[in-house]
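Peer 1: The structure is given below, and queries will be raised subsequently.
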Amino acid sequence: MILEARGLCKIFDTGGQGLEVLKGVGLEVHAGELVAVMGASGVGKSTLLHLLGTLDRPTSGELRIAGTDVLNLNDQALSRFRNRHIGFVFQYHHLLPEFTALENALLPGLVAGTDLREAAVGLLESVGLADRMHHRPGELSGGECQRVAMVRALVTQPLLVLADEPSGNLDEATSESLHQLLADLARASGLAFVVMTHDRKLAQSMDRMGHIEAGVLQMEEGAT
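Going left to right, the sequence shown walks through residues 286 to 509 as the working numbering numbers them.
Here's what the structure looks like:
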């Protein structure tokens, strides 16, 4: 089991009143499994992603990643754990415009103090960017930039990858290519993927899918 979340609640203080955004969310994800979470804007998808990614702490609940009780780690230890074991892919790629594709992919290694050049080159080649790795984002298509962002998320060989609308800014053909790439990478490397999305077609291509509404997550069986 890569991800085990139980009873996650998140309450935000809004001028003296508590706003309960997540209400006892539970989720389990195994190695090599892809799980989609659907929901309208404002129902708690991004909040859940932040909690699962250890970017924020829940008001209550339990969270284990690869058996580690991450909520018992102090902030410094949690940051190290996140940098080593969790990758993120967002709707916008957030590549640094002055860096090449390869340099952008190497950024997590700079944070961790690790030389990841060999891994980054191999991943860029595997996603069809062998001839584009020395180009800057302004010289790449939207789909190419998003593939670089995926490589950046994967270069540290994380256990868990969290994606927030990863194909939201892409055309249909590029989106389908990205979806297949997600599946191929997850199954080839044993990664656990959790994808927050509005895209039903993407969600139905996952191993499992769920819906979050009014802070409650309900899982159902998805098409494989």
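By construction, the Cβ of each residue, glycine as well, lies at the ideal position given by its N, Cα and C atoms. Quick caveat: nothing in here was measured; it's all calculated off a predicted structure.
Could you check which residue in Leu401, Lys330 and Asp298 has the C-alpha nearest to that of Val526?
Peer 2: Here the chain comprises residues numbered 286 to 509, so residue 526 is not present and cannot be evaluated.
Peer 1: Please return the same chain residues whose Cβ sits closer than 8 Å to the Cβ of Phe366, not counting the five positions on each side in sequence.
Peer 2: For this step, residue 366 is matched to residue 81 along the sequence shown. Once the five neighbours on either side are set aside, the close Cβ partners of Phe366 are Thr339, Ile350, Thr353, Val355 and Leu358.
Peer 1: Looking only at DSSP bridge pairs, what is Lys295 linked to?
Peer 2: Sequence index remark: in the sequence shown, residue 295 carries index 10 (1-based). The partner list for Lys295 (beta bridge, DSSP) reads Leu307.
Peer 1: Taking the CB atoms as reference points, tell me whether His370 and Leu476 lie closer together than 8 Å.
Peer 2: Indexing the sequence shown from 1 puts residue 370 at position 85. Indexing the sequence shown from 1 puts residue 476 at position 191. Result no, Cβ atoms of His370 and Leu476 do not sit closer than 8 Å.
Peer 1: Could you give the DSSP three-state label for Asp341: helix, strand or coil?
Peer 2: Counting from one through the sequence shown, the residue named residue 341 turns up at place 56. Coil, per DSSP.
Peer 1: What is the rounded straight-line gap between the Cα of Asp400 and the Cα of Glu429?
Peer 2: Numbered from 1 along the sequence shown, position 115 holds the residue referred to as residue 400. Numbered from 1 along the sequence shown, position 144 holds the residue referred to as residue 429. If you take the alpha carbons of Asp400 and Glu429, they lie about 23 Å apart.
Peer 1: Which whole-angstrom value describes the C-beta separation of Val412 and Leu487, a residue pair presumed to lie in contact below a C-beta threshold of 8 Å?
Peer 2: Along the sequence shown, one-based indexing puts residue 412 at 127. Along the sequence shown, one-based indexing puts residue 487 at 202. No, Val412 and Leu487 are not in contact; Cβ-Cβ is about 17 Å, not under 8 Å.
Peer 1: Among Glu424, Gly301 and Ser364, which one has its Cα closest to the Cα of Thr385?
Peer 2: For this step, residue 385 is matched to residue 100 along the sequence shown. With distances taken between Cα atoms, Thr385 lies closest to Glu424.
Peer 1: Can you tell me which of the three DSSP states Ala508 falls into?
Peer 2: In the sequence shown, the residue the question calls residue 508 occupies position 223. For Ala508, the pLDDT reaches just 42, beneath the cut-off of 50, and the residue's location in the model is therefore unreliable, leaving the point undetermined.
Peer 1: By how many angstroms is the C-alpha of Arg493 removed from the C-alpha of Val320?
Peer 2: Locating residue 320 in the sequence shown gives position 35, where the first residue counts as 1. Locating residue 493 in the sequence shown gives position 208, where the first residue counts as 1. Straight-line Cα distance between these residues: approximately 5 Å.
Peer 1: Sort Thr441, Gly309 and Arg342 by Cα distance to Asp360 and report the nearest one.
Peer 2: Mapped onto the sequence shown, residue 360 falls at position 75. Of Thr441, Gly309 and Arg342, the residue nearest in Cα terms is Arg342.
Peer 1: If you draw a straight line from the C-alpha of Thr459 to the C-alpha of Glu305, how long is it?
Peer 2: Counted from its first residue, the sequence shown places residue 459 at position 174. Counted from its first residue, the sequence shown places residue 305 at position 20. Approximately 37 Å, taken between the alpha carbons.
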